[in-house]
Structure formats: structure tokens, C-alpha cells
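Participant:
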Amino acid sequence: DVRADEFGTCVHNCFAVYDHGNHAENQVKTACLIGAYGLDGHLRAEDVVGRAGSFYEYVEREYGRIRKAWRELPFCRRRDGQVITGEIDLYLELENGMGVLVDYKNPVGTAVEGNVMDIAAEKALKYAPQLGCYKEALETAGRNVTHVFVYYPVWGVLAEL
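According to my numbering, the sequence shown is numbered sequentially starting from 1.
1) At what residue ranges does the region 6-94 contain a whole run of the alpha helix (DSSP H), taking only runs of 4 or more?
2) Grouping DSSP H, G and I as helix and E and B as strand, with all else coil, what is G132?
3) Name the residue from R143, V116 and A137 whose alpha carbon lies nearest to the alpha carbon of R78.
4) Helix, strand or coil: which one does DSSP assign to V102?
5) Assign Y58 to one of two classes, buried (16 or more other C-beta atoms within 10 Å of its C-beta) or exposed (fewer than that).
6) Below 7 Å CB to CB, which residues in the same chain sit around A120 once its five sequence neighbours on both sides are set aside?
7) With contact counted as at least three CB pairs below 8 Å, one residue from each stretch, are the region 29-39 and the region 68-85 in contact?
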């Protein structure tokens, strides 16, 4: 059986090392990660790389060309007397000045009951406070955040908050 945390971490790490435009290298890195997690029978590198490529292509088609991508961006923020630290999965700075903030969520398996788009949108709402904190941290650091998404790589679904 596949442990949900290992599955999610593996997919997350595959996206963290993804280099848009470098297909051959992405295939090798992703296959190595999948093998290291022992998920060869559950994930295929070409599927994961394909999802990542489709995601980046979608962003560029809909919002503009990517100037720079920050992956696993650490942050520290003081909010309501608390110090909050963490890592932002992905922040894309676009050539047109827009900024795209993305958090990955990786449910195990691909089978869902009902409309996957509706399920993804509903699930994304519970992450709004987390992404709000990330957005504040980026904006405090002088970054523009025009779009905030939860991306479900396994489903290939993007939900905007």
C-alpha cells in the first residue's frame, strides 16, 4: 500500500525540481525521485513531468511568459504576535509584472466520486488562510501576487482562490 504522506511528498518533490523547458532532464530527475520513494508501480515519470509541463504551459498561455520561478521559497512572517515560518511551493514572476502563487496538494490516487473540478475547488477553500499568509509574506517582500492557486497535480486540476 502507498502511504499518503510519502506519495504526496514524492509528487511535491518532483514538481520542486521541475525545470520548464528541459524535458529530458525532468524525466531523469523525476524517475529517480519516484524510484527513491519506491513508487515505481504507482507513479510514472512521464505522467508527472507531463502534468508539470501542462501546468507551466497553462500559466504562460493564460497569464503571460514566466520570467522567474521560485520553488520551495522559505519565508518568515510575524502575524498577530506569532512568528510563522514555512516554504512556499511555487511563486512565478511573469514578464508582464503579474505574480502567481501556487500550493500543491496531492491526494493519493486519481479516483474521485463526483465532479473533480467542484471537489478541487471546495477542498481549495480550506487552504485559503495558509495561502493568504504566503501572499502577505510575498507582498511584504515586495513581490506582486495577482493570482493564487491550489494545484492538484495528480488530478491535473488548478483551483484559483
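Even for Gly, the Cβ is constructed at its ideal location relative to N, Cα and C.
Note that this is a predicted model, so its numbers are computed, not measured.
Facilitator: Here's the rundown:
1) 23-36 and 45-62
2) Shown here, G132 sits in a helix according to DSSP, grouped into three states.
3) A137
4) strand
5) exposed
6) Y152, W155, V157 and A159
7) no
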